[in-house]
Amino acid sequence: MAQTKRTIKKYPNRRLYDTEISSYITLEEVRQLVMDNEDFEVRDAKSGEDLTRSVLLQIISEHEDKGQPMLSPQLLSQIIRFYGDSLQGFMGPYLERSLQVFLDQQTQFRSQLNSLMGQTPWNTLNDLTERNLAAFQAMQRGLIDTAAKVMPTPTSASRGGKKPG
Numbered sequence: 001m002a003q004t005k006r007t008i009k010k011y012p013n014r015r016l017y018d019t020e021i022s023s024y025i026t027l028e029e030v031r032q033l034v035m036d037n038e039d040f041e042v043r044d045a046k047s048g049e050d051l052t053r054s055v056l057l058q059i060i061s062e063h064e065d066k067g068q069p070m071l072s073p074q075l076l077s078q079i080i081r082f083y084g085d086s087l088q089g090f091m092g093p094y095l096e097r098s099l100q101v102f103l104d105q106q107t108q109f110r111s112q113l114n115s116l117m118g119q120t121p122w123n124t125l126n127d128l129t130e131r132n133l134a135a136f137q138a139m140q141r142g143l144i145d146t147a148a149k150v151m152p153t154p155t156s157a158s159r160g161g162k163k164p165g
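Just so you know, we're using the UniProt record's numbering here: the sequence shown kicks off at 1 and counts up by one.
What follows is the structure, encoded as structure tokens:
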């Protein structure tokens, strides 16, 4: 069964109406749809024009005003400079691919961190102790082997001594 896009209508009074739940929603609820990976579109209630991008930009703008912004003035200025540039058509796909690579790396990093953190402290300590013990035993074997080659054996020392007389 093919899932259709969720439609949100935007009215002239700037209110957003979610047709799936038959209720008005806030921008924060639209943001939650994004966070939940919901497939949706925002349409002008009167003209049917697609307003999805402008609503998403509005959400970004509101979040940039709160807390620590992600988009510096320099970055925003550079993006603005691409509008009307001959490379404008390449910039969107480039940013999308770059962000996807970043997200893939972040997922991989989190997975590695979770597998590392998933071990109990005792398991980690036991593993470390076993590796240290094995290294210490290997060092001892090496010292013993080296000492055996260098030091004379007790039988050869007794033969090389004075003759009884």
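Ideal Cβ positions, reconstructed from N, Cα and C, are used throughout, including at glycine. Only a predicted model underlies this, so the values are computations on that prediction, with no experimental measurement involved.
request  = Please state if the CB of arginine 43 and the CB of lysine 5 are separated by a distance shorter than 7 Å.
outcome  = As a position in the sequence shown, residue 5 is number 5, starting the count at 1. As a position in the sequence shown, residue 43 is number 43, starting the count at 1. Cβ atoms of lysine 5 and arginine 43: not closer than 7 Å.
inquiry  = With H, G and I counted as helix, E and B as strand and the rest as coil, what does DSSP make of glutamate 130?
reply    = Position 130 of the sequence shown, counted from the start, is the residue given in the question as residue 130. Of the three classes helix, strand and coil, the one that applies to glutamate 130 here is helix, per DSSP.
Stretch-stretch touch, CB-based, cutoff 8 Å, three pairs: the segment 43 to 54 with the segment 83 to 91 = A contact between stretches requires three or more CB pairs, one per stretch, nearer than 8 Å, and the segment 43 to 54 fails this requirement with the segment 83 to 91.
task = Report the residue ranges of all beta strand (DSSP E) runs contained in full by the UniProt domain "PHB accumulation regulatory" (71 to 110); include only those spanning at least 3 residues, in chain order.
result = none
task = Excluding the 5 residues preceding and the 5 following tyrosine 17 in the sequence, name in chain order all residues of the same chain whose CB lies nearer than 6 Å to its CB.
result = In the sequence shown, residue 17 corresponds to position 17, counting from 1. Excluding residues within five positions, the ones whose Cβ falls inside 6 Å are Lys9 and Tyr24.
In chain order, each beta strand (DSSP E) run of at least 3 residues that lies wholly inside the segment 13 to 54 = 16 to 18, 23 to 25 and 40 to 44
request  = In angstroms with no decimal places, state the Cα-to-Cα distance between asparagine 113 and aspartate 127.
outcome  = Here residue 113 refers to the residue found at position 113 when the sequence shown is read from its first residue. Here residue 127 refers to the residue found at position 127 when the sequence shown is read from its first residue. A quick correction: the sequence has leucine, not asparagine, at residue 113. So the alpha carbons of these two residues sit roughly 17 Å apart.
message = Taking a contact to mean a Cβ-Cβ separation below 7 Å, would you say leucine 33 touches isoleucine 59 in this structure?
response = Numbered from its first residue, the sequence shown carries residue 33 at position 33. Numbered from its first residue, the sequence shown carries residue 59 at position 59. Contact: no.
inquiry  = If you reduce the DSSP assignment to three classes, tell me which class serine 7 lands in.
reply    = In the sequence shown, counting from the first residue as 1, residue 7 sits at position 7. With the sequence shown as reference, residue 7 is identified as threonine, and serine is not the correct amino acid for it. Strand, per DSSP.
key: Among Thr7, Leu133 and Gln108, nearest to glycine 48 - alpha-carbon criterion   = Taking the first residue of the sequence shown as position 1, residue 48 is located at position 48. Selected option, being the one with the closest Cα: Thr7.
query = From Glu41, Arg31 and Asn13, pick the residue whose C-alpha is nearest to that of threonine 19; which is it?
reply = Walking along the sequence shown from the start, residue 19 turns up at place 19. Of Glu41, Arg31 and Asn13, the smallest CA-CA separation from threonine 19 is found for Glu41.
key: Cβ neighbours of phenylalanine 82 in the same chain (closer than 8 Å, five flanking residues each side left out)   = Here residue 82 refers to the residue found at position 82 when the sequence shown is read from its first residue. The residues are Gln88 and Met91.
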